[in-house]
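Report on the structure given below.
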Amino acid sequence: GGAALYHGVGRLDPAVGASGAIFGLMGALVAATYRQRHTPAGRAVFSQLSLLLAINLALPLIVPNIAWEAHVG
Numbered sequence: 051g052g053a054a055l056y057h058g059v060g061r062l063d064p065a066v067g068a069s070g071a072i073f074g075l076m077g078a079l080v081a082a083t084y085r086q087r088h089t090p091a092g093r094a095v096f097s098q099l100s101l102l103l104a105i106n107l108a109l110p111l112i113v114p115n116i117a118w119e120a121h122v123g
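Below is the structure:
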């Protein structure tokens, strides 16, 4: 979905990276730990992953030449 959004907004620059796969794995891990959020270990992992996702979603807003559209998709 990220590549379609990236190219759908009219950007013609080439896009290279593995962050889409990494974000997909992180999303799967967040979904898996969400069910364990009531345990102390689950809360710790869930809060760390949530912080990491927030940082990675904010990073393209600060650093130029990072396709935020590809990360959000």
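According to my numbering, the sequence shown is numbered sequentially starting from 51.
Beta carbons are placed, not taken as given, at the ideal position from N, Cα and C, and that holds for glycine.
Quick caveat, the model's predicted, so the values are computed rather than measured.
Reference residue i; option with closest CA among the options
i          : options         : result
residue 42 : 114, 106 and 85 : The structure shown has nothing for residue 42, since the chain only spans 51 to 123.
residue 76 : 103, 94 and 108 : 103
First through last residue of the alpha helix (DSSP H) which encompasses residue i
i          : result
residue 87 : Run containing residue 87: none; DSSP gives neither H nor E here.
Buried versus exposed, by CB contacts within 10 Å (16 or more), residue i
i          : result
residue 83 : buried
residue 71 : exposed
residue 91 : exposed
Proximity below 7 Å, CB of residue i to CB of residue j
i          : j          : result
residue 99 : residue 80 : yes
residue 87 : residue 96 : yes
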